[in-house]
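Each remark here refers to the structure printed beneath this line.
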Amino acid sequence: MKLLLLLVAVGLCWAQYSPNTKSGRTSIVHLFEWRWADIASECERYLGPNGFGGVQVSPPNENIVVTNPDRPWWERYQPISYKLCTRSGNEQEFRDMVTRCNNVGVHIYVDAIINHMCGAGGGTGTHSTCGSYFNTGSRNFPEVPYSGLDFNDGKCKTSDGEIHNYNDAYELSIS
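Counted the way mature numbering (1 follows the signal peptide of the UniProt record, and there is no 0) counts, the sequence shown spans residues -15 to -1, 1 to 160.
In structure tokens form, the structure reads like this:
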């Protein structure tokens, strides 16, 4: 066990020297809320020729469509499924962006939302970027598929399972 911990520690320390970019490219930019086609063009026009190593993109998976307020940035962090379609584009456009950026030496890094789904305030219906059905009240996300059995409600610190105070570390944790 001690050897394993030592290897993990050494690996983590060494990782800072290897940003997983092509040789000589170490800068990564975050093109938050950009469309996939625009990112592909930016890779070819500016990032690749100027030695950038990567682009972090907004979450590419299907999310709820929020209309009040009108389409806020944080709606992307309210996932409904893992289908690749958002206001940035569809799966084919995403694949094209990755290919075009990789062809000029720029890697794509995804801001992945893997630890939660849309909160109960999202309601029920198909008001999502791909039109998939969901029911946040019963935690039913059939396109994944997740049901209420897949969530850890018993560990939640609030009775309704929602976060009320983002400044409260106790409320934000599940331990």
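In this text, a Cβ means the ideal position worked out from N, Cα and C, and glycines have one as well.
Beta-carbon proximity of residue i to residue j, cut-off 8 Å
i: alanine 105; j: glycine 133; result: no
i: valine 42; j: isoleucine 98; result: no
i: isoleucine 44; j: tyrosine 62; result: The question names isoleucine, yet the displayed sequence has proline at residue 44. Cβ distance < 8 Å, so proline 44 and tyrosine 62 count as in contact.
i: threonine 109; j: glycine 90; result: no
i: isoleucine 65; j: phenylalanine 126; result: yes
i: cysteine 28; j: cysteine 86; result: yes
i: glutamate 47; j: threonine 11; result: no
i: residue 167; j: glycine 74; result: The shown model of the chain, from -15 to 160, leaves out residue 167, and the question about it has no answer.
i: glycine 9; j: glycine 36; result: yes
i: lysine 140; j: tyrosine 155; result: no
Residue interval of the beta strand (DSSP E) (run including residue i)
i: valine 95; result: 92 to 95
i: isoleucine 13; result: 13 to 16
i: glycine 36; result: Where glycine 36 is concerned, there is no enclosing beta strand (DSSP E), given that its DSSP letter is neither H nor E.
Exposure label - residue i; buried when at least 16 CB within 10 Å
i: lysine 68; result: buried
i: tryptophan 58; result: exposed
i: phenylalanine 17; result: exposed
i: arginine 124; result: buried
Endpoints, alpha helix (DSSP H) assigned at residue i
i: isoleucine 49; result: Run containing isoleucine 49: none; DSSP gives neither H nor E here.
- Mind pulling the beta strand (DSSP E) runs of 3 or more residues that sit fully within the region 76 to 159? Qualifying beta strand (DSSP E) stretches, in chain order: 92 to 95.
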